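*Asks:* First the structure, then my questions, so here it is.
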Amino acid sequence: MTGDTFRAGPWRITCLVDGGLTFGADVFPQVSAERQAELLAAAGLGGAETEFNAYVLRHDDGRVWLVDTGCGAGFGPAGGRMPERLAAMGIAPSDVSRVIFTHLHGDHCGGALVDGASVYAAAEVVLHAREAAHWRGTEGLGGQVLAACEDALRCVEDDADLGDGIAVWALPGHTPGHMGLRIGEYLVLAGDIIHSEALQLPDPENATKYDVDGPLALASRRAALAEIVDKGLVWTGSHMIGAKFARLERAGSGYRKTPL
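First residue of the sequence shown: 1, per full-length UniProt numbering; consecutive thereafter.
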């Protein structure tokens, strides 16, 4: 294992960063500017930094799956680098046999299309059924990805078994079909339950303006963080900065990330 790669059974999971930014204070509208400054200072940060993480899952038999496809070209020049990062690992787009989307916000699916065509044309596309229903027929990027990948689409439900020790972890609220993954016994990919570790781990009540259903997203975040701690799981999230695989421990009414 390295800082950005973790072994879970027959899988090597590598986190690839495809851009990032610093959230404005308005992204957390329920948190005062003073409280944001306090939490960020405690974390040694000058702003609510985030990165856009996607994941390469490589099976011992040679199969390659992706979880999310990066942000594409829509989030500044630091994004849209997934193909070159994959190439550095010896992976061509045609080598990817399955793409699993946590959800269809642009920073997760923006790298799926180039000029309206699927980058990973040989891949099965896995998406929660509620997410597909939410975006199908819309004009935004999520709807465009669905339209381009419809023939390859496999819609799944809560707790669906994806094979080889990987299962869907339903985490609704951020979007209707937002989901993570359980990989083996001890690793979870938690998607967007956390956008800023500095602001949301100490106080999980802090929410972003991007949640479609705020109360449900909060319930998913609370339950997910508690499960990670109670079961001693290793976790990674789509917006984690620094160490990409870690554990959690309770800290007062919130949590802190702890290194492996």
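Heads up, the beta-carbon is just placed ideally off N, CA and C, and yes, glycines get one too. For clarity, every value in this text was computed on a predicted model and none was experimentally measured.
When we look at the beta-carbon of P172 and count the other beta-carbons within 10 Å, is it buried (16 or more) or exposed?
*Replies:* Residue mapping note: residue 172 aligns to position 172 of the sequence shown, counting from 1. So P172 counts as buried.
*Asks:* In three-state DSSP terms, what is M1?
*Replies:* The count along the sequence shown starts at 1 and reaches residue 1 at position 1. At M1 the pLDDT is 48, less than 50, meaning the model places this residue with poor confidence and gives no usable figure here.
*Asks:* Under 7 Å, do H239 and P176 count as touching if we go by C-beta distance?
*Replies:* Start at 1 with the first residue of the sequence shown, and residue 239 comes out as number 239. Start at 1 with the first residue of the sequence shown, and residue 176 comes out as number 176. Cβ atoms of H239 and P176: not closer than 7 Å.
*Asks:* Report back the beta-carbon spacing between V67 and T102 to the nearest angstrom; my notes put them in contact at under 8 Å.
*Replies:* Counting from one through the sequence shown, the residue named residue 67 turns up at place 67. Counting from one through the sequence shown, the residue named residue 102 turns up at place 102. Between T102 and V67 the Cβ distance is about 7 Å, and since that is below 8 Å, they are a contact.
*Asks:* I need the straight-line Cα distance from V156 to A123, nearest angstrom please.
*Replies:* The count along the sequence shown starts at 1 and reaches residue 156 at position 156. The count along the sequence shown starts at 1 and reaches residue 123 at position 123. Near 16 Å, if we compare the C-alpha coordinates of A123 and V156.
*Asks:* Please state if the CB of G70 and the CB of A54 are separated by a distance shorter than 7 Å.
*Replies:* Here residue 54 refers to the residue found at position 54 when the sequence shown is read from its first residue. Here residue 70 refers to the residue found at position 70 when the sequence shown is read from its first residue. Contact flag set, yes.
*Asks:* On the DSSP bridge assignment, give the partners of M179 in chain order.
*Replies:* As a first step, residue 179 is located in the sequence shown; it is residue number 179 there, counting from the start. Answer by DSSP bridge pairing, in chain order: A170.
*Asks:* Under DSSP, the alpha helix (DSSP H) around S220 begins and ends at which residues?
*Replies:* Along the sequence shown, read from residue 1 onward, the residue named residue 220 stands at position 220. Note, S220: alpha helix (DSSP H), 214-230.
*Asks:* Check whether the stretch 9-23 touches the stretch 40-51, counting contact only when three or more Cβ pairs, one atom from each stretch, lie closer than 8 Å.
*Replies:* Between the stretch 9-23 and the stretch 40-51 there are three or more C-beta pairs closer than 8 Å, enough to call the two in contact.
*Asks:* With a Cβ-Cβ cutoff of 7 Å, do K209 and P83 count as a contact?
*Replies:* Here residue 209 refers to the residue found at position 209 of the sequence shown. Here residue 83 refers to the residue found at position 83 of the sequence shown. Against a cut-off of 7 Å, the Cβ pair of P83 and K209 comes out as no contact.
*Asks:* With V234 as the anchor, note down where its alpha helix (DSSP H) starts and where it stops.
*Replies:* Locating residue 234 in the sequence shown gives position 234, counting from the first residue. Segment 234-236 is the beta strand (DSSP E) holding V234; no alpha helix (DSSP H) there.
*Asks:* Evaluate A8 with the Cβ neighbour count: other Cβ atoms within 10 Å of its Cβ, from every protein chain shown; 16 or more gives buried, anything less gives exposed.
*Replies:* To locate residue 8, count along the sequence shown from 1; it is residue 8. So A8 ends up on the buried side.
*Asks:* Determine the extent of the beta strand (DSSP E) in which E197 is found, giving its start and end residues.
*Replies:* Residue mapping note: residue 197 aligns to position 197 of the sequence shown, counting from 1. Counting along the chain, E197 falls outside any beta strand (DSSP E), though it belongs to the alpha helix (DSSP H) covering 197-200.
*Asks:* What do you get for T258, buried or exposed, if any count of 16 or more other CB atoms within 10 angstroms of its CB means buried?
*Replies:* Locating residue 258 in the sequence shown gives position 258, counting from the first residue. By the 10 Å Cβ count, T258 comes out exposed.
*Asks:* Return the chain-ordered list of same chain residues with a C-beta closer than 6 Å to the C-beta of Y120, the five sequence neighbours on each side being excluded.
*Replies:* As a working note, residue 120 is residue 120 in the sequence shown. Here the set comprises P93, V96, V99.
*Asks:* Would you mind sorting A37 into buried or exposed? The rule is 16 or more other CB atoms within 10 Å of its CB.
*Replies:* Within the sequence shown, the letter at position 37 stands for residue 37. Result: exposed.
*Asks:* Could you check if M1 is buried or exposed, using at least 16 other CB atoms within 10 Å of its CB as the buried criterion?
*Replies:* Counting from one through the sequence shown, the residue named residue 1 turns up at place 1. Annotation note: pLDDT 48 at M1 (below 50); position unreliable, coordinate value reported separately. With fewer than 16 Cβ atoms within 10 Å of its Cβ, M1 is classed as exposed.
*Asks:* Identify which residue in D211, V17, R35, L260 has its Cα closest to the Cα of L199.
*Replies:* In the sequence shown, counting from the first residue as 1, residue 199 sits at position 199. The residue with the shortest Cα to Cα distance from L199 is R35.
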